[in-house]
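K.L.:
Sharing a structure, written as structure tokens. Questions coming.
Chains as they are written, first to last, in full-length UniProt numbering: chain A, 1 to 275; chain B, 1 to 275.
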């Protein structure tokens with residue numbers, strides 16, 4: 001039966017209804033509000049599929065630990081179906097595969113492992129350092145982004161994104177050429193971050209190639225996110241970097257840090273480099 | 001029908017026979033010689049599954065560009081079956097999924113995209129730098145590795161691995177604690193590197209946690225390899241690094257550089273941290 005409408009935009013964006021007759025199938029709707037560059041944001045799609053798998057994983061392992069998605073065809077706003085298959089139920093992990101499709105066309109293939117992030121070993125021996133950012137009020141909101149970008153980015157209205165002025169020269173035609181974009185991230189309606197919303201966060205900033213003076217869109221081929229801890233509520237620090245633009249492709253590494261200084265997510269994607 | 005035995009160990013290790021009656025199925029044998037820490041090396045398994053998908057992708061897209069593997073259960077030497085499914089045949093990429101199983105038990109789930117690496121755009125705008133290594137003859141062969149390691153590592157006999165003395169203090173009970181292991185890699189029988197063998201190279205060094213003073217094995221949960229260029233023949237420089245050991249897991253980032261100074265592969269895995 002249809003479920004009640006969630007209060008927050010992100011929860012509406014990944015809302016699913018279990019299919020009454022087909023075990024493992026969940027149906028939902030990809031909303032207009034998550035469009036970017038003519039398609040639906042890849043992070044939202046990853047969260048949508050992972051949401052279906054999380055339900056199948058069940059309460060013992062409710063959180064994605066690692067989620068790998070391969071983008072098979074471009075998603076469009078409208079109905080979408082996720083068919084899930086649980087591959088293994090272990091003591092510490094539940095692993096599954098999911099196919100997100102629209103009108104019978106496969107959009108995204110996901111394999112993911114789920115755990116209980118609240119029950120992990122408490123050791124934290126992180127040597128990575130969080131990005132150094134000016135305070136959110138010293139950063140640049142997307143209202144300053146180029147009009148042609150905003151026109152194609154309904155997604156940005158769902159986000160409170162404050163980019164570091166040092167990495168947003170591209171918006172003024174002066175890219176730093178460092179291959180780095182960083183800033184503060186929060187959902188616009190203050191929906192608290194959780195393991196699923198981090199999958200969106202990992203793919204929510206503009207393509208890091210903007211900072212290399214390549215303003216075009218960069219279609220994602222593959223995106224893997226490791227969710228390393230449950231995020232604290234509040235602002236998230238997000239950095240995107242690339243070190244290998246070559247052969248028409250580039251990798252984009254993303255880190256997400258919470259207000260407690262915990263590295264809560266790491267991701268890497270391979271994308272097509274804009275000309 | 002069975003195919004002739006390849007000349008090189010790696011090609012024997014990933015040898016497959018197409019199943020006569022089941023389209024997309026390929027059968028092979030996981031050899032004793034690829035064992036490590038009681039299981040079969042995860043990189044060899046990834047190459048084994050990717051080999052089957054490469055055959056299905058066909059001559060237009062013969063090389064893996066991105067390969068994501070999720071390790072479902074521990075593989076053992078013996079017969080293994082790969083069942084493949086092609087998800088999309090595009091102009092620049094062919095994408096497929098594969099299940100590697102033994103005796104009906106799923107071992108590894110792979111999703112991968114294939115292309116023609118020889119036909120990529122020639123631009124190389126890499127800002128990453130190759131690891132600085134002493135010459136191979138100044139590095140440390142695995143013959144110096146701890147006996148208890150070698151006893152569980154038939155894999156190492158297939159490899160000519162020369163580790164940087166600066167990152168092998170762990171072998172003498174003095175780990176650098178930098179979370180970094182690097183060295184030179186070549187297949188012991190001089191089999192030239194190619195796109196498939198790079199999948200092995202990305203998971204062939206000892207776990208980077210050895211350098212943190214944790215000598216135990218580190219089971220891989222998920223491993224994604226991006227093959228960014230066809231490697232030149234000769235020595236490969238390989239670096240493994242981790243920056244986030246936390247909650248009982250760690251990420252291991254690997255880079256593989258060829259003798260022409262090209263970054264030919266980048267990989268990241270999530271693994272369980274040894275106690």
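Glycine included, C-beta positions come from ideal geometry on N, C-alpha and C.
Taking the C-alpha atoms as reference points, what is the distance between residue 77(A) and residue 211(B)?
P.N.:
Going by the C-alpha atoms only, they are around 48 Å apart.
K.L.:
So, residue 87(B) versus residue 25(A), is the Cβ gap smaller than 8 Å?
P.N.:
No, the pair does not count as a contact, with Cβ atoms beyond the cut-off.
K.L.:
When you compare the CB positions of residue 111(B) and residue 92(B), do they come within less than 8 Å of one another, or not?
P.N.:
It is not a contact, given that the beta carbons lie outside the stated cut-off.
K.L.:
For residue 225(B), name the three-state secondary structure that DSSP assigns.
P.N.:
Of the three classes helix, strand and coil, the one that applies to residue 225(B) here is strand, per DSSP.
K.L.:
List the endpoints of the continuous alpha helix (DSSP H) containing residue 12(B).
P.N.:
Per DSSP, residue 12(B) belongs to the alpha helix (DSSP H) from 9-13.
K.L.:
Under 8 Å, with one C-beta from each stretch per pair, do the stretch 118-126 of chain B and the stretch 141-158 of chain B reach the 3-pair mark?
P.N.:
The stretch 118-126 of chain B vs the stretch 141-158 of chain B: no contact.
K.L.:
If you draw a straight line from the alpha carbon of residue 195(B) to that of residue 252(B), how long is it in whole angstroms?
P.N.:
One C-alpha to the other measures close to 20 Å.
K.L.:
Indicate whether at least one CB of chain B lies closer than 8 Å to the CB of residue 247(A).
P.N.:
True, the Cβ-Cβ gap to chain B drops below 8 Å.
K.L.:
Taking its Cβ as the centre, do 16 or more other Cβ atoms sit within 10 Å of residue 41(B), making it buried, or is it exposed?
P.N.:
Under this definition residue 41(B) is a buried residue.
K.L.:
When burial is assigned at 16 or more other CB atoms within 10 Å of the CB, is residue 2(A) buried or exposed?
P.N.:
In this prediction, residue 2(A) scores a pLDDT of 49, lower than 50, which makes its location untrustworthy; the coordinate-derived value is nonetheless stated afterwards. When all chains shown are included, residue 2(A) counts as exposed.
K.L.:
Report whether the distance from the Cβ of residue 250(A) to the nearest heavy atom of the ligand FAD is below 7 Å.
P.N.:
Ligands are entirely absent from the displayed structure, and the ligand FAD is therefore not among its contents.
K.L.:
Only counting the same chain, and skipping five residues up and downstream in sequence, which positions put a Cβ closer than 7 Å to that of residue 144(A)?
P.N.:
Taken in chain order, the residues that qualify are 171.
K.L.:
Should residue 280(A) go down as buried or exposed, given a rule of 16 or more other Cβ atoms within 10 Å for buried?
P.N.:
Residue 280(A) falls outside the range modelled here, since chain A spans only 1 to 275, and no answer is possible.
K.L.:
Just checking: is the beta-carbon of residue 88(A) within a distance shorter than 8 Å of some beta-carbon in chain B?
P.N.:
Yes, because at least one Cβ of chain B sits closer than 8 Å to the Cβ of residue 88(A).
K.L.:
Leaving aside the five residues before and after residue 187(B) along the sequence, list all residues of the same chain whose C-beta is less than 6 Å from its C-beta, in chain order.
P.N.:
Only 10 meet the Cβ criterion.
K.L.:
In the DSSP assignment, the alpha helix (DSSP H) including residue 56(B) goes from what residue to what residue?
P.N.:
42-57 is the span of the alpha helix (DSSP H), which, as asked, contains residue 56(B).
K.L.:
Residue 45(A): buried (16+ other C-beta within 10 angstroms of its C-beta) or exposed?
P.N.:
Counting Cβ neighbours within 10 Å, residue 45(A) comes out buried, since at least 16 surround it.
K.L.:
Applying the 10 Å Cβ sphere with the 16-neighbour rule, what's the burial state of residue 129(A)?
P.N.:
Exposed.
K.L.:
How about residue 208(B) and residue 237(B): are their beta carbons less than 8 Å apart?
P.N.:
Against a cut-off of 8 Å, the Cβ pair of residue 237(B) and residue 208(B) comes out as no contact.
K.L.:
Would you decide whether residue 53(B) is buried or exposed? Buried here means 16 or more other CB atoms lie within 10 Å of its CB.
P.N.:
By the neighbour-count rule (16 or more Cβ atoms within 10 Å), residue 53(B) is buried.
K.L.:
Which residues in chain A have a C-beta closer than 9 Å to the C-beta of residue 229(B)? List them in chain order.
P.N.:
By Cβ distance, chain A contributes 246 and 247.
K.L.:
So residue 247(B) and residue 121(A) are in contact, right, with Cβ under 8 Å, and what is the actual spacing, rounded?
P.N.:
The Cβ separation is near 5 Å, so the contact holds.
K.L.:
In three-state DSSP terms, what is residue 119(B)?
P.N.:
Reduced to three states, the DSSP call for residue 119(B) is helix.
K.L.:
Name the chain A residues that come within less than 8 Å of residue 270(B), Cβ to Cβ?
P.N.:
By Cβ distance, chain A contributes 65, 66 and 226.
K.L.:
Going by DSSP in three states, residue 144(A) sits in which element: helix, strand or coil?
P.N.:
Helix, per DSSP.
K.L.:
At 3 residues or longer, and completely inside the UniProt domain "Acyl-CoA thioesterase-like C-terminal" (136-272) of chain A: list those beta strand (DSSP E) runs for me, N to C.
P.N.:
You should have 159-163, 180-187, 220-227, 236-241, 244-246, 249-257 and 263-272.
K.L.:
Do residue 62(B) and residue 116(B) have their beta-carbon atoms positioned less than 8 Å apart in this structure?
P.N.:
Against a cut-off of 8 Å, the Cβ pair of residue 62(B) and residue 116(B) comes out as a contact.
K.L.:
Go ahead and pull the three-state DSSP assignment for residue 28(A).
P.N.:
Residue 28(A) falls in the strand class under three-state DSSP.
K.L.:
How many Å lie between residue 215(B) and residue 274(B) at the Cα?
P.N.:
Going from the Cα of residue 215(B) to the Cα of residue 274(B) covers about 7 Å.
K.L.:
Can you pull out the residues from the stretch 94-127 of chain B whose beta carbon lies closer than 7 Å to at least one beta carbon of chain A?
P.N.:
Under the 7 Å Cβ criterion, the stretch 94-127 of chain B contributes 95, 97, 106, 109, 111, 113, 120, 121, 123, 124, 125, 126 and 127.
K.L.:
Using 8 Å for Cβ pairs, my map puts residue 259(B) next to residue 266(B). What's the rounded Cβ distance?
P.N.:
Not a contact, Cβ separation roughly 18 Å.
K.L.:
Could you check if residue 43(B) is buried or exposed, using at least 16 other CB atoms within 10 Å of its CB as the buried criterion?
P.N.:
It is buried - the Cβ of residue 43(B) has at least 16 other Cβ atoms within 10 Å.
K.L.:
Can you pull the chain A residues whose beta carbon is under 8 Å from the beta carbon of residue 221(B), in chain order?
P.N.:
Those are 65, 66, 93 and 113, listed as they occur along chain A.
K.L.:
Return the residue from the list 89(B), 235(B) and 73(B) that minimises the CA-CA distance to residue 337(B).
P.N.:
Residue 337(B) is absent from the structure shown; chain B starts at 1 and stops at 275.
K.L.:
CB-CB under 7 Å to residue 229(B), same chain, minus the five flanking residues each way: which ones, in chain order?
P.N.:
Cβ within range, chain order: 117, 262 and 264.
K.L.:
How about residue 79(B) and residue 114(B): are their beta carbons less than 8 Å apart?
P.N.:
Cβ distance not < 8 Å, so residue 79(B) and residue 114(B) don't count as in contact.
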